[in-house]
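What follows is a short report on a single structure.
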Amino acid sequence: MAIEVAGEGANGTITIDLFEDVAPAHTARIAGLAADGTYDGVVFHRVIEGFMAQTGDVQHGKNPSDLSQAGRGGSDKADLPA
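Residues 63 to 144 (our numbering) are what the sequence shown spells out, left to right.
See the structure below:
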């Protein structure tokens, strides 16, 4: 899966490998949400340089909005078993 990133200080493509053989339900959910545009405009709300970047808060992390609660959102989807 590829994510196009554009914004202050970051532009380019992030490639994410999804392991369908290890987590088929999770892979299907993420791919489906991405294909539906659910993650479009969602900000990276936590970045630790050289370590990780966190995104995916579709409740509070959509740009443009008040991003003060980004990273604290929930989901209307049921939890998937690990």
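Just so it is clear, CB atoms sit at the ideal spot from N, CA and C, and this is done for glycine as well.
Just so it is clear, the structure is predicted and the values come from calculations on it, not from any experiment.
9 Å Cβ cutoff met for residue 82 and residue 90:
In this structure, residue 82 lies near residue 90, with their beta-carbon atoms less than 9 Å apart.
Could you compute how far the alpha carbon of residue 138 sits from the alpha carbon of residue 112?
For residue 138 and residue 112, the gap between their C-alpha atoms comes out near 32 Å.
Are residue 109 and residue 124 closer than 9 Å when you measure CB to CB?
No; because the gap between Cβ atoms is not below 9 Å, this pair is not in contact.
DSSP puts residue 124 in a beta bridge; with which residues?
104
Simplified DSSP state of residue 94, which is helix, strand or coil:
helix
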